[in-house]
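Report on one structure; see the data block that follows.
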(Lines of atoms letter the chains of each structure in order from A; the text may use other names.)
(Lines give C-alpha, C1' and ligand atoms only; values in the text may rest on other atoms or scores of the structure.)
Protein backbone atom coordinates (compact mmCIF):
# COMPACT_ATOMS: atom_id res chain seq x y z
CA UNK A 124 0.00 0.00 0.00
CA UNK A 125 1.33 3.40 -0.93
CA UNK A 126 1.57 6.11 1.69
CA UNK A 127 -0.33 9.36 1.24
CA UNK A 128 2.95 11.03 0.30
CA UNK A 129 3.71 8.39 -2.34
CA UNK A 130 0.20 8.62 -3.83
CA UNK A 131 0.34 12.41 -3.91
CA UNK A 132 3.72 12.26 -5.61
CA UNK A 133 2.41 9.82 -8.22
CA UNK A 134 -0.63 12.01 -8.90
CA UNK A 135 1.13 15.35 -9.09
CA UNK A 136 4.67 14.67 -10.27
CA UNK A 137 5.76 14.54 -13.89
CA UNK A 138 8.82 12.50 -12.98
CA UNK A 139 9.39 9.24 -14.79
CA UNK A 140 11.49 7.84 -11.93
CA UNK A 141 9.66 4.80 -10.55
CA UNK A 142 9.15 4.06 -6.89
CA UNK A 143 10.92 0.91 -5.75
CA UNK A 144 8.36 -1.21 -3.89
CA UNK A 145 9.41 -4.20 -1.83
CA UNK A 146 7.24 -7.29 -1.56
CA UNK A 147 7.39 -10.36 0.64
CA UNK A 148 6.70 -12.35 -2.53
CA UNK A 149 9.76 -11.15 -4.46
CA UNK A 150 13.50 -11.07 -4.01
CA UNK A 151 14.18 -7.36 -4.05
CA UNK A 152 11.99 -4.45 -5.06
CA UNK A 153 10.00 -3.91 -8.23
CA UNK A 154 9.59 -0.63 -10.13
CA UNK A 155 6.23 1.07 -9.70
CA UNK A 156 5.87 3.77 -12.33
CA UNK A 157 3.59 6.79 -12.49
CA UNK A 158 2.04 5.41 -15.71
CA UNK A 159 1.17 2.15 -13.94
CA UNK A 160 -0.31 4.06 -11.00
CA UNK A 161 -2.41 6.32 -13.21
CA UNK A 162 -3.62 3.45 -15.41
CA UNK A 163 -5.05 1.79 -12.31
CA UNK A 164 -7.45 4.72 -11.97
CA UNK A 165 -9.14 3.57 -15.18
CA UNK A 166 -10.41 0.49 -13.34
CA UNK A 167 -11.50 1.92 -10.00
CA UNK A 168 -15.19 1.88 -9.22
CA UNK A 169 -14.89 3.62 -5.87
CA UNK A 170 -12.03 5.08 -3.95
CA UNK A 171 -11.21 7.03 -0.84
CA UNK A 172 -9.87 10.09 -2.59
CA UNK A 173 -7.29 11.40 -0.14
CA UNK A 174 -7.00 14.68 -2.05
CA UNK A 175 -10.71 15.57 -1.88
CA UNK A 176 -11.28 13.78 1.46
CA UNK A 177 -14.24 11.69 0.40
CA UNK A 178 -15.48 8.58 -1.37
CA UNK A 179 -15.77 8.90 -5.13
CA UNK A 180 -18.04 6.47 -7.02
CA UNK A 181 -17.93 5.86 -10.73
CA UNK A 182 -20.51 4.37 -13.03
CA UNK A 183 -20.47 0.58 -12.95
CA UNK A 184 -21.55 -1.10 -16.17
CA UNK A 185 -20.26 -4.64 -15.81
CA UNK A 186 -20.63 -7.72 -13.63
CA UNK A 187 -18.33 -7.94 -10.60
CA UNK A 188 -16.61 -11.12 -9.45
CA UNK A 189 -14.76 -11.29 -6.17
CA UNK A 190 -12.38 -14.23 -5.80
CA UNK A 191 -10.76 -14.50 -2.41
CA UNK A 192 -8.90 -17.20 -0.54
CA UNK A 193 -10.26 -18.34 2.81
CA UNK A 194 -6.68 -18.64 4.09
CA UNK A 195 -5.51 -15.17 3.04
CA UNK A 196 -3.24 -13.96 5.84
CA UNK A 197 -3.00 -10.40 4.45
CA UNK A 198 -6.64 -9.47 3.78
CA UNK A 199 -9.23 -11.34 5.87
CA UNK A 200 -11.78 -13.03 3.64
CA UNK A 201 -14.58 -11.38 5.62
CA UNK A 202 -13.58 -8.05 4.01
CA UNK A 203 -14.84 -9.31 0.67
CA UNK A 204 -18.36 -9.56 2.07
CA UNK A 205 -18.12 -5.94 3.25
CA UNK A 206 -16.94 -4.83 -0.20
CA UNK A 207 -19.70 -6.74 -1.98
CA UNK A 208 -22.31 -5.34 0.39
CA UNK A 209 -21.10 -1.79 -0.21
CA UNK A 210 -21.25 -2.28 -3.97
CA UNK A 211 -24.69 -3.87 -3.81
CA UNK A 212 -26.02 -0.92 -1.82
CA UNK A 213 -24.57 1.59 -4.27
CA UNK A 214 -25.23 -0.35 -7.49
CA UNK A 215 -28.47 -2.23 -6.92
CA UNK A 216 -29.26 -4.68 -9.69
CA UNK A 217 -25.62 -5.20 -10.60
CA UNK A 218 -24.48 -8.80 -10.99
CA UNK A 219 -22.07 -9.21 -8.04
CA UNK A 220 -20.75 -12.64 -7.05
CA UNK A 221 -18.34 -13.79 -4.36
CA UNK A 222 -16.26 -16.92 -4.86
CA UNK A 223 -14.45 -17.94 -1.70
CA UNK A 224 -11.63 -20.29 -2.66
CA UNK A 225 -10.96 -23.10 -0.19
CA UNK A 226 -7.34 -23.09 1.02
CA UNK A 227 -6.61 -20.03 -1.13
CA UNK A 228 -3.93 -17.73 0.19
CA UNK A 229 -3.25 -14.08 -0.62
CA UNK A 230 -1.57 -14.85 -3.93
CA UNK A 231 -4.14 -17.34 -5.31
CA UNK A 232 -1.36 -19.09 -7.20
CA UNK A 233 -2.04 -22.80 -6.79
CA UNK A 234 -3.30 -24.82 -9.74
CA UNK A 235 -6.81 -24.91 -8.23
CA UNK A 236 -6.76 -21.14 -7.69
CA UNK A 237 -5.65 -20.46 -11.25
CA UNK A 238 -8.33 -22.81 -12.58
CA UNK A 239 -10.98 -20.91 -10.58
CA UNK A 240 -9.70 -17.60 -11.96
CA UNK A 241 -9.69 -18.90 -15.54
CA UNK A 242 -13.17 -20.43 -15.11
CA UNK A 243 -14.40 -17.03 -13.92
CA UNK A 244 -12.86 -15.32 -16.94
CA UNK A 245 -14.48 -17.90 -19.22
CA UNK A 246 -17.89 -16.66 -18.02
CA UNK A 247 -17.26 -13.45 -19.95
CA UNK A 248 -15.47 -14.67 -23.07
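Residue numbers (the numbering used here): 124 to 248.
All C-beta atoms, glycine included, are put in the ideal place defined by N, C-alpha and C.
Asked	Found
Residue 197, DSSP secondary structure in three states	coil
One or two residues paired with residue 188 in a DSSP bridge	220
Simplified DSSP assignment, three categories, for residue 157	helix
At least three beta-carbon pairs within less than 8 Å, the region 154 to 161 to the region 181 to 192	no
CB of residue 228 within 8 Å of CB of residue 196, strictly	yes
Reduced DSSP category for residue 132 - H, G, I as helix; E, B as strand; rest coil	helix
CA nearest to the CA of residue 216, picked from 142, 185, 125 and 145	185
DSSP three-state assignment for residue 230, whether helix, strand or coil	coil
Per-residue DSSP class, three states only, for residue 181	coil
Start and end residues, beta strand (DSSP E) containing residue 145	142 to 145
Nearest-angstrom beta carbon gap, residue 244 and residue 214 [assumed within contact, 8 Å]	21 Å between Cβ atoms; not a contact.
Identity of the residue in 242, 230, 136 and 237 nearest residue 148 by Cα	230
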